[in-house]
Each structure stands twice: as structure tokens, then as C-alpha cells.
Amino acid sequence: MDIVIAVVSAIFLLLGGFLCVTGGVGILRFPDFYTRIHATGVTDTLGAGLILIGLMLQVPDVLVLVKLVIILLMTLFINPVATHALAQAALKSGLSPLLQSKNHKGG
Amino acid sequence: MLIAATVAILVAMFLAMIRGIVGPTFYDRILAVNMFGTKTVLFISLIGFVMGRPEFLDIAIVYALLNFISVIGVLHFSGSVEFRHDDHDNSTVEKDS
Amino acid sequence: MDSLRFCNPKTIKEDNAIELLIDIVLLSFLVCIAFAIVRMKDLFAVIMLAGMYGLLSASFFVTMDAVDVAFTEASVGAGISTLLMLTTISMTGRYENTTRHRPMLALVVVFVTGSLLIYGTLDMPYFGSAQAPIQLHVAPHYINNSMSEIGIPNIVTSALASYRGFDTFGEVVVIFTAGVAVWALLMVNVQRRKNTEIDDANNSTHEQHFIVRFVAKMLIPFILLFALYVQFHGDYGPGGGFQAGVIFAAAIILYSMVFGLNTARRVISQPIVQLLTAAGVLLYGSVGIVSLLSGGNFLDYNVLSADPIAGQHLGILLIELGVGCTVASVMILIYFNFSGRKNDRELEEHKETT
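Chains as they are written, first to last, in the working numbering: chain A, 38 to 144; chain B, 37 to 133; chain C, 2 to 355.
The structure is reproduced here in C-alpha cells:
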């Protein structure tokens, strides 16, 4: 049973780590702000969730588990809201998305 | 596996840091800081487990909370500053015409 | 690397090598960000990078096992100071002025001082060395006797609040003075706040952010509760008055950012905040006076109760409460004054244009 939990936890942790790196590559390589926010917004929440679940499988006592659940819940609430507020503010400030036609004109 | 995840988080932090330094627009930087903050929360939780001191999670909770507050704060003030100049200019131009 | 040779070789295990590697990576990130901050002209970007710097240094403190310091850095460096710097910048301007002269003399002075300091570190004991003066002087006493003399598990709290209570009193007075100074410089006329004009202008900007308002409303009670947890759990885990005060203030600042300054002022009236600022310092000081009157030294909590350990617990609880009160209300006061100033200016501009 222990080995099963260890393996499952390892899978979660590795997947989460992979997603985090993917988000990092996305924020660096994507061409404009809206694609970047897409890259991080999606991978951040899922990656954080996976890593926290991976940690939850290894907890020594209940208090730690409760704290991890609190962090997970807050990540689930706060990350999308922050991303949403950021995208809205950017759009309102007049930062226009990079569109195909514009790209053709530019390049 | 904890170590592997920690290294992955560090790599992601590095990439976000580059975007924060390079980031052409102001919003890119906020995005980078936000991502950096999430990564810090994860990093601190993981380090707590690596070192066998799970009370580090308190700090992770503080980060998760303050990260939100600072993003909202930045948006609040960026609205009032950046706009104020732009809007002000626009409105005077409109009035003149 | 050199310092490693002088450490006890038994302690260098695989774990330590990984921690060392993580330390090196974090420190090189810090250097990168510091260079970027120096080169930036856009002050907004500088604030963002300073926030990252705060996040990084807290991670670094965590890997160094300095949990309480990391906690303080988390709440102050990454949270409040970003907000306060942003309020400042929203009043001054976004771009740094270009300097026309080349401050060569300053560069030389900095370079010489820096190299002298680095030269000075060569005489210092190696990092973590057991022969360092810090390990031989009072620290062993604190570490060995804290449990029997004070009776709380977190040695940092017992050193901060009891052994070094007088130093902490000084810190609280410094924070109080800073708050009073900001208040004296930026005091806004509260009477003018009566008109509803700003109110409407203030609310209209936030009307659209429905989701943010909803989530903030949900989170604020939780943040306040967490601040109380940090305040009263400081004896057992990382935390204490300073961190709790800052977290509490951050919750109030979030409220006033999302719902407008005037709504926040209606919830928490400024005179009460001003009173609390002084009340915290007074509480701290009067614990000291009471212990003097009961026949002990200043801030010697043993005499506060029949049982010395219970006296220590009571004293630490009270002074942490005083610290929390002062820190929270000074932060709120500074924020209120800064952003009240900004609102006033916007109102004046508004009047001028109409």
C-alpha cells in the first residue's frame, strides 16, 4: 500500500513539475501578452494543484494536510481571479491582442 | 521525486524571472510576478517536505494570500496612474477638438 | 566552496549538497534581479522586480531554516512594501529622471567601501562555523535554557519577546515614530472627506470588477482569521506580532482597494486607528512598568504572576498584542494617508477640468 501511495505521489509531483516548466516555457516563448497569460493561467493552477495533491499523499499528520488543503483551495480561487483581473485590466488599458492580420502587415 | 519537482519549480522561476526582466509591457511583468509568487508558494511547500519541516506551510499560506493582494493592488494603482495620464491627455484633446 | 573545507566533513551529506545547490541558484537569481533593478528606468517595473526580490529572499531564508525571518520577509517585503511603494509612485511619477552628470566619485566611493567590506569578511568566521562568536556568547544560553526559563517551544519568540524585550520595544517605538511622522507630513483634511463626490468617483472605478469584489469579500475574513492565528500561534510556530500586524493591515488595505477608500474609512475610522497606534506602544511600555512596580527589572515578566513561567507567558502574550496593534495600525494609517492624498489630488484635478 505504501509503495502504491509513493508511486502515485511521485507521478503527481512529476506531472506538476512538468506542467510548471511548460508554463515557464510558455511565458517566455509566446508572442504577446494574451497568449502568455493563457500559458501561465492554465498551467499554473493545474501544476500547483497536482504538486499539492502529490504532497498531500505524503503528509505526516492531519494539521499539515489541512494546511495543504487550504493552500490548494486558495490557489484554485485566487489564481483564476488574478488572471482574470489582469486580462481585464490589460484589455481596458488598450493593450490589443496580436492578431493574424496585424502580424502579416508587420512582418 | 520531491527534489525533481523542486528543480522543476526553480527552472520555472528562472523562466518567469527572465520574462519579468525582459517583459515589454507592464502587464507582462505583473504576470511574471504573479507566476513567480505561485511558484514560490510551491517551492516553500516542497522545501518544507524536503527538509522535513512542514511548519513552513504557514509561510506558503501567507504567500498565497499576499500574492493575490499585491496583484489586486498593482492593478488598482496601475489603473489610477497609467490611465490618469493617458485619459487626461485624451480628454483634453477631445475637448480642444 | 572554500568554506566547505573548514566545516565538519561529517555534516556534508547529500542533503546538504542539494541545499547548497539550491542556495547558490537562489542567490544567483537575486543577483540577476538586482542588476536588472539597477538598469531599469521604469519605476513600475522596478517595483515588480522588487516584489520578486522579496519573494526570492524569503525562499532563501526558508532554505536557511530562518522561518521567522522568512515569515517577516514574506509579509513585509513581498506584501506591504509593494503596496506602499505603488501608492508613492502613483503620486510622483512613473519614470526615473535621467541623470545628466556621471557620478564617478560616487562609484569610486562605493567600490572602495564594497571592497573594504568584502576584505573585512575574510576575517569573519566561516558560515555555520561552531567557533563563531555568535555561537559562543549568549546564544547557547538562550537555546539551552529557553524551555526551562520561558517555557515556549519557539526560541525565536522567546528571544525576541523576553530575552531581548527591550530591543523589540525599541523597534516598536521606531515603527510608531515612522507612522506618526508620515501622518504629520501627509495628514489629509478629514472634514473635506464629507463630500460624496469622491465617493462616486471611487466606487465607479470598481463597479466592473464584480469577480474580484466577490472573491475579495470571501477572502478578507479568512485573512483576518489567519492574522489572529499568526498572532497567537507565535509561541509555538513561526509568527508573532509583527507578521500578524502586517497581515491584518494587508487585509484592510485589500478591502479599501476593492471597495474604495471611503467605505474602508467608514468601517474603520481613522481616529480609532490613530488611538490604537499609540495604545500598542503604551501596552508594551506598561507591561514593563508593571514589572518594575512588582519588584522586577523593566520587562522582566517573571514577577507578573506567581509562577515565573506563567508570568513569562502572560508578558509575551501582552507585548505581542501591543506589537501587533501598533504595526497593523501604523500600516493602515500610512496607507490611508497616502491614498487619501491621492484622492484629494484627483478631486482637485477633477474640479479644475470641470
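Glycine included, each C-beta is placed from N, C-alpha and C at the ideal position.
Buried/exposed call for Asp132 (chain B), threshold 16 Cβ in 10 Å: For Asp132 (chain B), the pLDDT reaches just 36, beneath the cut-off of 50, and the residue's location in the model is therefore unreliable, although a value from the coordinates is still provided. Exposed.
Per-residue DSSP class, three states only, for Lys352 (chain C): In this structure, Lys352 (chain C) counts as helix in the three-state DSSP scheme.
Phe365 (chain C) classed as buried or exposed, judged by whether at least 16 other C-beta atoms fall within 10 angstroms: Nothing can be reported for residue 365 (chain C), as the shown portion of chain C is limited to 2 through 355.
Ala127 (chain A) at chain C interface by Cβ criterion, 8 Å: Using a CB distance cut-off of 8 Å, Ala127 (chain A) does not count as an interface residue toward chain C.
Cβ of Ala330 (chain C) within 8 Å of any chain B Cβ: The amino acid occupying residue 330 (chain C) in the given sequence is Ser; Ala does not appear at that position. Taking Cβ atoms only, chain B never reaches closer than 8 Å to Ser330 (chain C), which makes this a no.
Contact under 8 Å by Cβ, Ile41 (chain B) with Ile64 (chain A): According to the sequence displayed, residue 41 (chain B) carries Ala and not Ile. It is not a contact, given that the beta carbons lie outside the stated cut-off.
Beta-carbon neighbours of Ala122 (chain A), restricted to chain C and to distances below 7 Å: Against chain C, a Cβ distance below 7 Å from Ala122 (chain A) picks out His210 and Val213.
Beta-ladder partner(s) of Tyr96 (chain C), from DSSP: C:Asp43
Touch test, the segment 52-68 of chain B against the segment 83-101 of chain B, Cβ-Cβ under 8 Å, three pairs minimum: The answer is no - the segment 83-101 of chain B does not touch the segment 52-68 of chain B, with fewer than three Cβ pairs under 8 Å.
Per-residue contacts from Tyr99 (chain B) into chain C (C-beta, under 8 Å): From the beta-carbon of Tyr99 (chain B), the residues of chain C found nearer than 8 Å are Leu56, Ala59, Ala75 and Ala79.
Proximity below 8 Å, CB of Phe1 (chain C) to CB of Ser292 (chain C): The question about residue 1 (chain C) has no answer, for chain C in this structure spans 2 to 355.
Own chain, CB closer than 8 Å to Pro134 (chain C), minus 5 neighbours either side, in chain order: Pro126
Close beta carbons around Ala127 (chain A), own chain, < 7 Å, minus the five adjacent residues each side: Counting only Cβ-Cβ distances below 7 Å, and skipping sequence neighbours, we find Phe70.
Cα-Cα separation, Phe223 (chain C) to Ala217 (chain C): 10 Å
CB contact flag (Pro239 (chain C), Val68 (chain C), <8 Å): yes
Contact under 8 Å by Cβ, Phe30 (chain C) with Phe50 (chain B): yes
Where Arg165 (chain C) sits in the DSSP three-state scheme: coil
Where Leu132 (chain A) meets chain B, residues with beta-carbon distance less than 7 Å: Thr61 and Tyr63
Gly289 (chain C) in three-state terms, based on DSSP: helix
C-beta atoms of Tyr335 (chain C) and Val213 (chain C) nearer than 8 Å: Rather than Tyr, the amino acid found at residue 335 (chain C) in this sequence is Ile. Val213 (chain C) is positioned such that its CB atom lies no closer than 8 Å to that of Ile335 (chain C).
Within 8 Å, strictly: CB atoms of Ile74 (chain A) and Leu123 (chain A): Yes.
Cα-Cα separation, Gly1 (chain C) to Asn303 (chain C): Missing from the structure shown is residue 1 (chain C); chain C here goes from 2 to 355 and no further.
Burial state of Asp39 (chain A) (16 or more Cβ within 10 Å): Flag for Asp39 (chain A) reads exposed.
Below-8 Å beta-carbon distance, Leu262 (chain C) vs any chain B residue: Residue-level contact check: Leu262 (chain C) does not touch chain B, since none of the beta carbons of chain B fall below 8 Å from its beta carbon.
Met219 (chain C), buried or exposed, once every other Cβ within 10 Å from all chains shown has been counted against 16: exposed
Minimum C-alpha distance to Leu226 (chain C) - residue among B:Val98, B:Phe113 and B:Ser106: B:Val98
Distance between Val288 (chain C) and Met53 (chain B) (C-alpha atoms, nearest Å): Cα-Cα distance, rounded: 47 Å.
Closest residue to Ser159 (chain C) among C:His234, C:Ile119 and C:Glu97 (Cα-Cα distance): C:His234
The segment 75-97 of chain B: positions lying closer than 9 Å to chain A by Cβ: Lys75, Val77, Leu78, Ser81, Leu82, Gly84, Phe85, Gly88, Pro90, Glu91, Leu93, Asp94, Ala96 and Ile97
Buried versus exposed call for Leu294 (chain C) [16 or more other C-beta atoms within 10 Å across all chains shown]: exposed
Partners in chain B for Asp81 (chain A), counting only beta-carbon separations shorter than 7 Å: Met71 and Thr74
Close beta carbons around Thr23 (chain B), own chain, < 7 Å, minus the five adjacent residues each side: Nothing can be reported for residue 23 (chain B): it is not among the residues displayed for chain B, which extend from 37 to 133.
Test: Leu38 (chain B) CB closer than 8 Å to a CB of chain C: no
Any chain A beta carbon closer than 8 Å to Asp201 (chain C): Reliability fails at Asp201 (chain C), whose pLDDT of 47 lies under 50, so the model's placement of it is uncertain and no value is given.
Rounded separation between Val110 (chain B) and Ile320 (chain C) - CA only: Rounded to the nearest angstrom, the two C-alpha atoms are 34 Å apart.
Exposed unless 16 or more other CB atoms sit within 10 angstroms - verdict on Met148 (chain C): exposed
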